[in-house]
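So the structure is just underneath, and the comments pick up after that.
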Amino acid sequence: MTKKKILITGGAGFIGSHVVRLFVNKYPDYSVVNLDKLTYAGNLLNLKDVEGKSNYTFVKGDITDAAFITELFSEHKFDAVIHLAAESHVDRSISNPLEFVMTNVIGTVNLLNAAKSEWKDSLSTRRFYHVSTDEVYGALGDTGMFTEETKYDPHSPYSASKASSDHFVRAYHDTYGLDIVISNCSNNYGSHHFPEKLIPLAIHNIKSNKPVPVYGKGENIRDWLFVEDHAKAIDIVFHNSKSGDTYNIGGHNEWKNIDVINLLCKIMDKKLGRKEGESAKLITFVKDRAGHDLRYAIDSSKLQNNLGWTPSLQFEEGLERTVDWYLSNEDWLQNVTSGDYKKYYEEQYVKR
Ligand code: NAD
Ligand code: DAU
125 MTKKKILITG
135 GAGFIGSHVV
145 RLFVNKYPDY
155 SVVNLDKLTY
165 AGNLLNLKDV
175 EGKSNYTFVK
185 GDITDAAFIT
195 ELFSEHKFDA
205 VIHLAAESHV
215 DRSISNPLEF
225 VMTNVIGTVN
235 LLNAAKSEWK
245 DSLSTRRFYH
255 VSTDEVYGAL
265 GDTGMFTEET
275 KYDPHSPYSA
285 SKASSDHFVR
295 AYHDTYGLDI
305 VISNCSNNYG
315 SHHFPEKLIP
325 LAIHNIKSNK
335 PVPVYGKGEN
345 IRDWLFVEDH
355 AKAIDIVFHN
365 SKSGDTYNIG
375 GHNEWKNIDV
385 INLLCKIMDK
395 KLGRKEGESA
405 KLITFVKDRA
415 GHDLRYAIDS
425 SKLQNNLGWT
435 PSLQFEEGLE
445 RTVDWYLSNE
455 DWLQNVTSGD
465 YKKYYEEQYV
475 KR
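Just add 124 to the spot in the sequence shown (first one is 1) and you have this note's numbering.
Following this line, the structure appears as structure tokens:
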């Protein structure tokens, strides 16, 4: 394996921390630099197990700061970038769209500009991997799946900002010849997931005997993938895809929100020694999300057929593992749900 110096952005977040862990452990000859602003969603506790490794460095910094990013590229001479840093929560994008434009669009363009200028003599041999989402494709009705050919049709400020960043990444390939690859993944779940998102929020609330908020009638459908399977897919796509290519990543695992919550309640009853049906009493239907996409479903056959990736876990098993992680990492949960989280929760769920 050749030595590589890789910049991973957003490595202190949920998916980023799994990607950093995988690369640091699997590729001892690579040097991994994790750049993260440590927003409310970024947490160095997520990477405690790798922080002492000699092939890992953490840099605190903001991708919206162009001068800083230029300096970072010039100092480190990266061979490749895996870009995950983003504002990632749809509900927050509804209350503060501009923050999503700044980080997801401007931040991405700053990274592209730094790569373009620092790599000017090797644009086609250093890779810029952009991690994106299935939400750029919009919403499905009762049938069909998103393929790599599906037209972009984003609805939320979050998905609009991710779609915009995807377009910029492709534009730098088409215009300047930068080696890029993009993957669009469905909903992830697993350990270290910030408890503003459905699954960790529900686990936290069930455990604390608090109402479990389900938007609308809980009929919306998401396609859930275990986060470690996403990290493995990123590894495979990063190393094997052609320049300019796009891959969809998903678990062929569609669930209505209400069914996910009922399953979680069942698992939690068992784990907490509660009577069956006890946790489900906490389910509370609340006002729907504005512009709520009805259904996502990913066709990942290109990735499975071309690069041989397959998801490793059944949802029930993955959810049980996830619940076990949250129940045995009380300190982590305590740490991330103090301070600003309480204010966010109040505004999102109590006042509306
Ligand atoms: P997350 O919110 O858990 O983590 C985002 C990370 O980015 C945090 O560590 C945060 O501190 C960092 N960050 C935010 N703004 C920054 C800035 N200006 N400069 C530097 N760092 C900054 O997000 P996640 O769920 O891990 O998602 C990671 C990526 O994967 C995102 O690009 C997201 O769009 C994409 N994605 C997420 C999912 C999912 O289900 N969570 C699915 C598909 C794609
Ligand atoms: O599809 C990929 C996307 O998945 C990623 O790009 C996003 O970064 C990630 O946040 C996720 O977006 P969703 O909006 O699908 O995830 P969230 O966990 O916020 O919501 C999942 C579903 O559950 C959605 O239909 C809204 C609903 N929901 C969510 C919350 C937070 C509820 O019913 N109640 C809630 O309290």
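Quick reminder that beta carbons are idealized off the backbone N, C-alpha and C, glycines included.
Which of helix, strand or coil DSSP assigns to Ser288: Working through the sequence shown from its first residue, we reach residue 288 at position 164. Correct three-state label for Ser288: helix.
Residue of Ala284, Glu378, Asp423 minimising C-alpha distance to Gln438: On the sequence shown, residue 438 is found 314 positions in, with the first residue counted as 1. Selection Ala284, Glu378, Asp423 evaluated against Gln438 yields Glu378 as nearest (Cα-Cα).
Cβ distance (whole Å) where Lys253 is taken to contact Ile206 below 8 Å: For the purposes of this step, residue 253 is taken as residue 129 along the sequence shown, with counting starting at 1. For the purposes of this step, residue 206 is taken as residue 82 along the sequence shown, with counting starting at 1. The question names Lys, yet the displayed sequence has Tyr at residue 253. Contact check for Tyr253 and Ile206: beta-carbon distance about 5 Å, within the 8 Å limit, so the pair qualifies.
Burial state of Val474 (16 or more Cβ within 10 Å): Along the sequence shown, one-based indexing puts residue 474 at 350. Looking at its Cβ environment, which holds fewer than 16 other Cβ atoms inside 10 Å, Val474 is exposed.
Assigned secondary structure, Thr103 (DSSP; H/G/I helix, E/B strand, else coil): No information on residue 103 is available, as it lies outside the stretch 125 to 476 that the chain covers here.
Three or more C-beta pairs below 8 Å linking the region 450-468 and the region 325-343: Because the criterion of three Cβ pairs below 8 Å is met, the region 450-468 and the region 325-343 touch.
Glu211 CB to nearest heavy atom of the ligand NAD below 7 Å: Start at 1 with the first residue of the sequence shown, and residue 211 comes out as number 87. At least one heavy atom of the ligand NAD lies less than 7 Å from the C-beta of Glu211.
Stretch pair the region 139-147 + the region 311-330: three plus CB contacts closer than 8 Å: Taking 8 Å as the limit for Cβ pairs, the verdict is that the region 311-330 does touch the region 139-147.
Check: Ile422 C-beta below 7 Å from any heavy atom of the ligand NAD: Reading the sequence shown from its first residue, position 298 is the one you call residue 422. No; taking the cut-off as 7 Å, the Cβ of Ile422 has no heavy atom of the ligand NAD nearer than that.
Contact under 8 Å by Cβ, Val157 with Thr126: Taking the sequence shown and counting its residues from 1, one reaches residue 157 at position 33. Taking the sequence shown and counting its residues from 1, one reaches residue 126 at position 2. Cβ distance not < 8 Å, so Val157 and Thr126 don't count as in contact.
Three-state class that DSSP yields for Phe202 in the structure shown: As a working mapping, residue 202 is identified with position 78 in the sequence shown. Coil, per DSSP.
Residue burial classification, Ser288 (beta-carbon count within 10 angstroms, cutoff 16): The residue given as residue 288 occupies position 164 in the sequence shown. In the assembly as shown, Ser288 is a buried residue. Its beta-carbon has 16 or more other beta-carbons within 10 Å.
Any non-hydrogen atom of the ligand DAU closer than 7 Å to Arg216 Cβ: In the sequence shown, the residue the question calls residue 216 occupies position 92. Taking 7 Å as the cut-off, the C-beta of Arg216 does not count as close to any heavy atom of the ligand DAU.
DSSP state of Leu396 mapped onto helix, strand, coil: One-based indexing of the sequence shown puts residue 396 at position 272. Here Leu396 sits in helix by DSSP.
Cβ shell of Arg82 (< 6 Å), same chain only, five flanking positions each side left out: Residue 82 lies beyond the residue range present for the chain, which begins at 125 and ends at 476; the question has no answer from this structure.
Proximity to Asp160 [Cα-Cα], best of Val183, Gly401, Tyr154: In the sequence shown, the residue the question calls residue 160 occupies position 36. Nearest C-alpha to Asp160: Val183.
Rounded C-alpha distance that separates Leu146 from Asp290: As a position in the sequence shown, residue 146 is number 22, starting the count at 1. As a position in the sequence shown, residue 290 is number 166, starting the count at 1. Roughly 24 Å between the two C-alpha positions.
Ser365, DSSP secondary structure in three states: If you number the sequence shown from 1, residue 365 lands on position 241. In this structure, Ser365 counts as coil in the three-state DSSP scheme.
Proximal residues to Leu325 (C-beta, below 6 Å), its chain only, five neighbours per side dropped: Residue numbering aside, residue 325 sits at position 201 when the sequence shown is read from its first letter. Closer than 6 Å at the Cβ level, and outside the excluded window around Leu325, lie Pro319.
Paired residues, beta bridge with Phe270 - DSSP: In the sequence shown, counting from the first residue as 1, residue 270 sits at position 146. Under DSSP, Phe270 takes part in a beta bridge, and its partners are Ile422.
DSSP beta-bridge partners of Thr257: Mapped onto the sequence shown, residue 257 falls at position 133. Per DSSP, the beta-bridge partners of Thr257 are Cys309.
Lys366 versus Leu247 - alpha carbon distance: As a working mapping, residue 366 is identified with position 242 in the sequence shown. As a working mapping, residue 247 is identified with position 123 in the sequence shown. Their Cα atoms are separated by approximately 14 Å.
Residue-chain proximity (Leu247, chain C), Cβ-Cβ < 8 Å: Looking for chain C here will not work: only one protein chain is present.
Span of the alpha helix (DSSP H), counted from its first residue to its last, around Asn329: Against the sequence shown, residue 329 aligns to sequence position 205. Looking at the DSSP string, the run of the alpha helix (DSSP H) that includes Asn329 is 322-331.
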